[in-house]
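Trainee:
Numbering (this note's numbering), first residue to last: 1254 to 1539.
#1: Measuring alpha carbon to alpha carbon, tell me which residue in 1363, 1469, 1500 is nearest residue 1382.
#2: Which residues in the same chain have their Cβ closer than 6 Å to the Cβ of residue 1402, if we skip the five residues on either side of it in sequence?
#3: Can you tell me whether residue 1507 is buried or exposed, with buried defined as 16 or more other CB within 10 angstroms of its CB?
#4: For residue 1346 and residue 1512, I'd like the C-alpha separation in whole angstroms.
#5: What is the residue span of the alpha helix (DSSP H) that residue 1486 lies within?
#6: Go to residue 1323, then tell me how far its beta strand (DSSP E) extends in each direction, as first and last residue.
#7: Using the rule of at least 16 other Cβ atoms within 10 Å of the residue's Cβ for burial, across every protein chain shown, is residue 1268 buried or exposed?
#8: Just curious, the beta strand (DSSP E) that residue 1388 is in, first and last residue?
#9: In this structure, what does DSSP give as the bridge partners for residue 1514?
#10: Taking residue 1316 as the reference, give the member of 1532, 1273, 1281, 1350 with the closest Cα.
#11: Is the beta carbon of residue 1277 less than 8 Å from the beta carbon of residue 1521?
#12: Taking 8 Å as the cut-off, decide whether the C-beta atoms of residue 1485 and residue 1435 are in contact.
#13: Quick one: give me the first and last residue of the beta strand (DSSP E) that residue 1265 is part of.
#14: By how many angstroms is the C-alpha of residue 1328 removed from the C-alpha of residue 1429?
#15: Contact between the segment 1497 to 1506 and the segment 1321 to 1337 is defined here as three or more beta-carbon pairs at a separation below 8 Å; is this criterion met?
#16: Assuming residue 1471 and residue 1306 form a contact by the criterion Cβ under 8 Å, report the distance between their Cβ atoms to the nearest whole angstrom.
#17: Whole angstroms is fine: what's the gap from residue 1530's alpha carbon to residue 1340's?
#18: Name the DSSP bridge partner or partners of residue 1559?
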């Protein structure tokens, strides 16, 4: 999905949120916004929003001398997610269809996002997620493919959300014990996306093999992945891409193995998929 005019404004607002997250003084915040404005003005619209973000965020990191701009917020997201995981696990165990419930739990975690025009409260989302309809619902087709799959790749998205992904993957493997699962993470800190460090600290290796994709954008770009990650991706029977960033990077890749799972959090993506902000989407790649 290529940049739209709204994406430029969104990126500028993201830079303001970075300044607030770092609790910058006025001079520092002004410097961030001036630097960001100059770089945004030179962005190529013939790229995806995650590719543009991968230009802006490292530039700020270098300027400020801070590698992980959202480190503190990521820790808070993990703390909140851990508090809610027992509630989610109880709902999955008691559900008439635990596999479908596990998918819902994973998409509930997708509300943890620091780069979107709207935000949602995680606890409220958990309370309603198991009864909320999907605006685009191809979960049955995904689960049908999962029953036949031997190798699933899950493309991770945000920190905190990855704890819900772990619950989902564990539920899958409890039902399909021969299923091999690889969990892809970003190659470096970018916004609040999950990296090897957060995945390992969460014990993701207990349920899946953690794969450092090598990708430096907040969305999986096959061309930027390491040769090892591309080989694993190519060998998969089924791929589940979590979050809007992965959708923005991959929606134009025709691949019948590929499914997207996310909550709509921006007007551009809403228009692209034919849904509303706040809607849930589980859709196969077209």
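Where a beta carbon is used, it is the ideal one built from N, C-alpha and C, also for glycine. Please read all numbers here as calculations on a predicted model, not as lab measurements.
Mentor: So, from the listed chains and residues:
#1: Locating residue 1382 in the chain shown gives position 129, where the first residue counts as 1. Of the candidates 1363, 1469, 1500, the one whose C-alpha sits nearest the C-alpha of residue 1382 is 1363.
#2: Translated into the one-based positions of the chain shown, residue 1402 becomes position 149. If the five residues before and after residue 1402 are omitted, its C-beta is found closer than 6 Å to the C-beta atoms of 1490, 1491, all from its own chain and listed in chain order.
#3: To locate residue 1507, count along the chain shown from 1; it is residue 254. By the 10 Å Cβ count, residue 1507 comes out exposed.
#4: Residue numbering aside, residue 1346 sits at position 93 when the chain shown is read from its first letter. Residue numbering aside, residue 1512 sits at position 259 when the chain shown is read from its first letter. When rounded, the distance between both Cα atoms is 24 Å.
#5: On the chain shown, residue 1486 is found 233 positions in, with the first residue counted as 1. Unbroken alpha helix (DSSP H) run through residue 1486: 1480 to 1488.
#6: Along the chain shown, read from residue 1 onward, the residue named residue 1323 stands at position 70. Looking at the DSSP string, residue 1323 is not in any beta strand (DSSP E), and its letter there is neither H nor E.
#7: Here residue 1268 refers to the residue found at position 15 when the chain shown is read from its first residue. Buried, because 16 or more other Cβ atoms sit within 10 Å of the Cβ of residue 1268.
#8: Reading the chain shown from its first residue, position 135 is the one you call residue 1388. Element bounds for residue 1388: 1387 to 1390.
#9: By one-based count along the chain shown, residue 1514 stands at place 261. Beta-bridge analysis with DSSP links residue 1514 to 1495, 1535.
#10: For the purposes of this step, residue 1316 is taken as the residue at position 63 of the chain shown. Looking at the Cα atoms, 1281 is the closest of the given residues.
#11: Counting from 1 along the chain shown, the entry for residue 1277 is found at position 24. Counting from 1 along the chain shown, the entry for residue 1521 is found at position 268. Their beta carbons are not under 8 Å apart, which means residue 1277 does not touch residue 1521 by this criterion.
#12: By one-based count along the chain shown, residue 1485 stands at place 232. By one-based count along the chain shown, residue 1435 stands at place 182. In terms of Cβ geometry, residue 1485 and residue 1435 form a close pair [threshold 8 Å].
#13: Counted from its first residue, the chain shown places residue 1265 at position 12. Boundaries around residue 1265 are those of the alpha helix (DSSP H), 1258 to 1274, since no beta strand (DSSP E) includes it.
#14: Looking up residue 1429 in the chain shown gives position 176. Looking up residue 1328 in the chain shown gives position 75. Between residue 1429 and residue 1328, the C-alpha separation is close to 32 Å.
#15: Under the Cβ criterion (8 Å, minimum of three pairs), the segment 1497 to 1506 does not count as touching the segment 1321 to 1337.
#16: As a working note, residue 1471 is residue 218 in the chain shown. As a working note, residue 1306 is residue 53 in the chain shown. Between residue 1471 and residue 1306 the beta-carbon gap is near 5 Å, inside 8 Å, which marks them as a contact.
#17: In the chain shown, the residue the question calls residue 1530 occupies position 277. In the chain shown, the residue the question calls residue 1340 occupies position 87. Residue 1530 and residue 1340: Cα-Cα distance of roughly 26 Å.
#18: The displayed coordinates of the chain run from 1254 to 1539. Any statement about residue 1559 would go beyond what the structure contains.
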